[in-house]
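Following: one structure in structure tokens, then a few remarks.
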Amino acid sequence: MNLVCGNCGQTQLDNTRRWVCGCGGLFDLDFAPSLDRDAVASRPPDMWRYQEALPASPASFTRLGEGMTPMVTLPVAGRNVLVKTDQSFPTGSYKDRGAALMISKAKEIGVTEVVEDSSGNAGAAVAAYCARAGIGCRIFVPESTSPGKLAQIQLYGARLERIAGSREQTAQAAVEAAGSAYYASHCYNPYFFHGTKTWAYEVAEQLGWSAPDAVVLPAGNGTLLLGAHLGFKELVRMGVLGSVPKLIAVQAQACAPLHQAYQAGSDQPAEAETSPTLAEGIAIAAPARGAQMLAAVRETGGSFISVGEDEISAALLEVGRQGFCIEPTSAAAIAGLARYLETSPPSERVVSVFTGHGLKAASTIQKLLALQA
Ligand SMILES: *Cc1c(COP(=O)(O)O)cnc(C)c1O
Ligand SMILES: [Zn+2]
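So the sequence shown is numbered by my numbering: it starts at 1179 and just counts up by one.
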């Protein structure tokens, strides 16, 4: 299996420490998955049950008890929608899917030190799996990151580097540090996406190896969106599913470079004006894989939706009344789901996701509740 540049086609061996091609293009993996449904059924209910579809050696799998999250029904806009409970992952977000596989691969190729930049959840996930794998870890975060996420990263023993500046300046600081350590980036590293693709494998298996009609997912850097697309495409290629579901990608209106590009018919992210949003996890002004995300959504016949701050807080509070504690970023996806259902035929089978746990953003939720009172 090789890393292949999406721009010039040049390849790198899978033990490379390069995170971007010499031409500036991003790497994907040339990897042929396989799937034996009987073997899968005989294994424990976690993401490693799809091991023939995962591009790392089982001897290096680094486990904290991740995957096969329950799918629950959520009443939204008078319909019962299936939602994956990925807020119940070991570190409290679906980023564990990507970090578990990426750090397993890093362990396999002998990495001893990684750097990563994150608005919080990816950093917490990478820090936790590095702790489990015995790999040193430095996480760069913007100074505005929620205190709960910072505490979590430090609890796992990672070195925390708080950067005074934007999300983009934080990424730049990590890139500079990546000169001397492995850049375990959730945006650039293709293994991360082969971890998040297990979301699609689980959805398909939980639906009796069939595909939903549409999936509604949050979209910032696209780690879940592109991972889900990859997973569904692999399942179609292997003959397990008949079709890839429509991808419905949700952004916050306050930071919507992809929704704007989609509306303008452009194949590159728009240079969008941004303002602060409750959905900090998807506030990505210049997504590195933005063109890939636009192409993926269009290829499936899906669409982009953007939601306002009022819709995000209303969704958060409503989901809470149903007994689920989710992050404001996750609530943006549920707000998008409510919007999508306005135009979705009742016969459609729609699946969405709770991406992160609300306890990570307890102080923000407290403020929203105070505004209500
Ligand atoms: C990372 C994250 C997202 C969105 O992921 P992208 O990779 O930026 O598209 C959504 N919700 C939560 C809670 C996240 O941590
Ligand atoms: Zn290249």
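Ideal Cβ positions, reconstructed from N, Cα and C, are used throughout, including at glycine.
Smallest Cα separation from residue i: which of the options?
i     : options                    : result
G1288 : Y1334, N1193, L1207, L1328 : N1193
A1427 : Y1440, R1415, S1296, R1196 : Y1440
L1425 : I1462, S1522, T1452        : S1522
L1404 : V1394, E1451, Q1470, A1352 : Q1470
S1525 : A1392, E1244, A1474, L1413 : A1392
A1509 : A1457, K1411, S1388, G1187 : A1457
Y1334 : E1520, L1402, A1306        : A1306
I1512 : Q1188, P1423, A1255        : A1255
T1376 : G1409, A1329, L1385, G1398 : G1409
If the criterion is Cβ atoms closer than 9 angstroms, does the pair residue i and residue j meet it?
i     : j     : result
G1514 : P1390 : no
S1484 : H1437 : yes
W1226 : R1215 : no
A1234 : S1266 : no
T1507 : G1459 : yes
G1400 : P1465 : yes
T1323 : S1297 : yes
A1231 : L1213 : yes
E1286 : A1237 : yes
D1264 : V1531 : yes
Y1518 : V1529 : no
A1302 : I1331 : yes
R1316 : A1336 : yes
G1243 : H1535 : no
R1345 : I1462 : yes
V1381 : K1262 : yes
Identify the continuous alpha helix (DSSP H) that holds residue i and give its terminal residues.
i     : result
I1490 : 1487 to 1499
N1367 : Segment: none, N1367 is in no alpha helix (DSSP H) and carries neither H nor E.
A1278 : 1273 to 1286
T1376 : 1376 to 1384
D1216 : 1215 to 1219
L1519 : 1506 to 1519
Could you check where the beta strand (DSSP E) with residue i kicks off and where it finishes?
i     : result
G1409 : Note, G1409: premise wrong, no beta strand (DSSP E); alpha helix (DSSP H) at 1401 to 1415.
Q1431 : Where Q1431 is concerned, there is no enclosing beta strand (DSSP E), given that its DSSP letter is neither H nor E.
Q1586 : Past the edges of the chain, shown from 1179 to 1551, lies residue 1586, and the structure says nothing about it.
M1249 : 1249 to 1254
A1311 : First-last for A1311: 1299 to 1311, but that is the alpha helix (DSSP H), not the beta strand (DSSP E).
T1263 : 1257 to 1263
L1547 : Taken as a continuous stretch (DSSP letters only), L1547 belongs to no beta strand (DSSP E), being part of the alpha helix (DSSP H) at 1540 to 1550.
P1268 : Run containing P1268: none; DSSP gives neither H nor E here.
G1468 : First-last for G1468: 1468 to 1477, but that is the alpha helix (DSSP H), not the beta strand (DSSP E).
E1526 : Neither: E1526 is in no beta strand (DSSP E) and is coded neither H nor E.
R1241 : Looking at the DSSP string, R1241 is not in any beta strand (DSSP E), and its letter there is neither H nor E.
What do you get for residue i, buried or exposed, if any count of 16 or more other CB atoms within 10 angstroms of its CB means buried?
i     : result
D1445 : exposed
C1140 : Missing from the structure shown is residue 1140; the chain here goes from 1179 to 1551 and no further.
G1312 : exposed
K1128 : As shown, the chain starts at 1179 and ends at 1551. That puts residue 1128 outside it, with no answer to give.
M1179 : exposed
M1246 : buried
Q1431 : buried
K1545 : exposed
Decide yes or no for the touch test of the region 1197 to 1215 against the region 1266 to 1286: beta carbon pairs closer than 8 angstroms, at least 3 of them. Flag = no, the region 1197 to 1215 and the region 1266 to 1286 do not touch.
Counting Cβ pairs, one atom from each stretch, are 3 or more of them under 8 angstroms apart for the region 1476 to 1495 and the region 1370 to 1378? No, the region 1476 to 1495 does not touch the region 1370 to 1378.
Cβ contact check for the region 1355 to 1363 and the region 1491 to 1507: 3 or more pairs under 8 angstroms: Not touching, per the Cβ criterion.
Hey, is the region 1340 to 1355 in contact with the region 1250 to 1258, meaning 3+ C-beta pairs nearer than 8 angstroms? Too few Cβ pairs lie closer than 8 angstroms, so no.
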